[in-house]
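Data first, discussion second: the structure below is written as structure tokens.
Protein chains in written order, with this note's numbering: chain U, 203 to 451; chain X, 203 to 451.
Structure follows, in structure tokens:
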């Protein structure tokens, strides 16, 4: 359950409202970290997952910061998730999903997400130190991400070496890192889990999986055919449990 | 004037509308790079500099992408530039400006700015490659920043080692870098120049310095007393020329 002692750990969890990030949020809360959640609307074609993020944060009893970054979807328009010029692919063989960078890749999305989360975290850390007198030596910052290198190995920004490089940027580019020596670590607790492992881990933590939303397509009910729906269904099936979310299956 | 040959260089310039970024934009255009400018409104208390960015882009004949990131100012509120809770400091001795991280430090602002510029650049590169059939081997991407390590050595995110680390993140975290091997370099052409050098460089390039805006305070005319106004005035004085901007001095 993490390091015990006099230290204070502040964590910002990137919460999309999907299965993975909801499991990660429950994981962070269970570790005893003071947690804030962050949802970034970046011009997805579906706002449905933001409603899920609100419900999940409320169920976990944590504050949700909502960031309206619609500009990002327009600016990084080369993707099926942000542009109507591309179709969301469905029915691709599993090996294609793992080997290619799919068209659902949004340019530098995870770099952007982690940077925004780190800015919220650093602002929180500086408030604790400079306004409230907290001792920097007892502080630790964490950014929790739901990245997964198994099902999404095609995405360059889901790999551990990318996150190590980004931690170095946060250390070199922040006042928290350079002046106060407070680390801002990127935690990716499910990065090596299979989808079935994530389902099991989420259920064991009591994560509110019934409130989550995974579908890329943005209808009233999950489409059942996009990559996200298929990975989710396969995960629950492999875990041997039924999906508690409404409208699935 | 950069590398000649069959290669195509695409550049995104972070343009605030101030003296430094305007000089950098003129520098990029002069290098023969295909340039787009990017202005990010992040909840500054003054919108005056955005109007300056529009005028500068028009004068240079380059497209301006405007990004409304007001959420960033709220989320990273621990700064005099984004929060009315802090006053903009003025009249500090020059050594204090260089030695401290000033309260005008906005958490991870340059990491955020460069990431957004890199997303616009990668989207442009992917459009050239995947839609328009450009050969990745002949492509190079550049992000131009007006960072300066002389007058702003107190800011951790104005130092060269920070930008080298961020380049590594862009390489590891992008499709352009991992799949196509197209570099996205961060160019900081004025990072080691004094303010007087920047003024001279800008004037030599024919940069539209008369259209620029530097003041932090956000009035109708520059306040003349904030750090930005004082550095600018000292730069023009040391360069031995008068500031062409309206309302100065």
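Cβ atoms here follow ideal geometry from the backbone N, Cα and C, with glycine treated the same way.
Review point. Over what stretch of residues does the alpha helix (DSSP H) that includes residue 365 of chain U continue unbroken?
Key: 362-375
Exercise for review: Specify the secondary structure class of residue 428 of chain X as computed by DSSP and reduced to three states.
Suggested key: strand
Check your understanding: Is residue 406 of chain U buried or exposed, if buried means 16 or more other CB atoms sit within 10 Å of its CB?
Key -> exposed
Check your understanding: So is residue 370 of chain X in contact with chain U if we call contact Cβ pairs under 8 angstroms?
Key -> yes
Exercise for review: Give every residue of the same chain whose Cβ lies closer than 8 angstroms to the Cβ of residue 253 of chain U, excluding the five residues on either side of it in the sequence, and list them in chain order.
Suggested key: 219, 415
Review point. Below 8 angstroms between beta carbons: does that hold for residue 249 of chain X and residue 239 of chain X?
Key: no
Review point. In three-state DSSP terms, what is residue 422 of chain X?
Key: coil
Check your understanding: Does the beta carbon of residue 226 of chain U come closer than 8 angstroms to any beta carbon on chain X?
Key -> no
Practice item. Give the DSSP bridge partners of residue 212 of chain X, in chain order. Key: X/236, X/343
Check your understanding: Once you ignore the five residues that flank residue 210 of chain X on each side, which residues in its own chain have a CB closer than 8 angstroms to its CB?
Key -> 236, 330, 336, 340, 341, 342
Practice item. Using three-state DSSP, classify residue 334 of chain U as helix, strand or coil. Key: coil
Practice item. Would you kindly work out how many angstroms separate the C-alpha atoms of residue 422 of chain U and residue 242 of chain U, rounded to a whole number? Key: 21 angstroms
Review point. Just by C-beta distance, which residues in the stretch 378-407 of chain U are closer than 9 angstroms to chain X?
Key: 378, 379, 380, 381
Check your understanding: Under 8 angstroms between the Cβ atoms of residue 372 of chain U and residue 386 of chain U?
Key -> yes
Point to revise | Pairwise C-alpha distance: residue 264 of chain U and residue 390 of chain X | key: 40 angstroms
Review point. Excluding sequence positions up to five away, which residues of its chain have a Cβ less than 8 angstroms from the Cβ of residue 408 of chain X?
Key: 228
Check your understanding: In chain order, what residues of the same chain lie with their CB nearer than 7 angstroms to the CB of residue 436 of chain U, ignoring the 5 residues before and after it?
Key -> 397
Review point. For residue 212 of chain X, which option in X/315, X/318, X/325, X/244 has the closest C-alpha, if you only look at C-alpha atoms?
Key: X/325
**Study point:** Which of helix, strand or coil DSSP assigns to residue 398 of chain U
**Key:** helix
Check your understanding: Does the beta carbon of residue 375 of chain X sit closer than 8 angstroms to a beta carbon anywhere in chain U?
Key -> yes
Practice item. Return yes when the Cβ of residue 259 of chain U is within less than 8 angstroms of the Cβ of residue 217 of chain U, no when it is not. Key: yes
Check your understanding: Are any of the Cβ atoms in chain U nearer than 8 angstroms to that of residue 325 of chain X?
Key -> yes
Review point. Do residue 345 of chain X and residue 320 of chain X have their C-beta atoms within less than 8 angstroms of each other?
Key: yes
**Study point:** Whether residue 348 of chain X touches residue 222 of chain X by CB criterion (8 angstroms)
**Key:** yes
Exercise for review: Kindly list, in the order they appear in chain U, the residues whose Cβ is closer than 7 angstroms to that of residue 320 of chain X.
Suggested key: 310
Check your understanding: The beta strand (DSSP E) spanning residue 266 of chain X covers which residue range?
Key -> 265-270
Exercise for review: At 9 angstroms on the CB atoms, spell out the chain X contacts of residue 427 of chain U, in chain order.
Suggested key: Within 9 angstroms Cβ-Cβ: nothing; residue 427 of chain U doesn't reach chain X, min ~24 angstroms.
Review point. Using the beta-carbon of each residue, which ones in chain X are nearer than 7 angstroms to residue 264 of chain U?
Key: Per Cβ cutoff of 7 angstroms: no residues; residue 264 of chain U is ~16 angstroms from chain X at best.
Check your understanding: chain U beta carbons: is any one of them nearer than 8 angstroms to that of residue 418 of chain X?
Key -> no
Review point. Residue 382 of chain X to residue 332 of chain U, Cα distance in whole Å?
Key: 45 angstroms
Point to revise | chain U residues whose Cβ lies nearer than 9 angstroms to that of residue 274 of chain X | key: 269, 271, 318, 321
Check your understanding: When Cβ atoms are compared, which residues of the stretch 350-367 of chain U fall closer than 8 angstroms to chain X?
Key -> 358, 359, 361, 363, 364, 367
**Study point:** Under the three-state DSSP convention, the category residue 297 of chain X falls into
**Key:** Confidence at residue 297 of chain X is low in this model, with a pLDDT of 45, below 50, so its placement is unreliable and no value can be given for it.
**Study point:** Local conformation of residue 243 of chain X per DSSP, three classes
**Key:** strand
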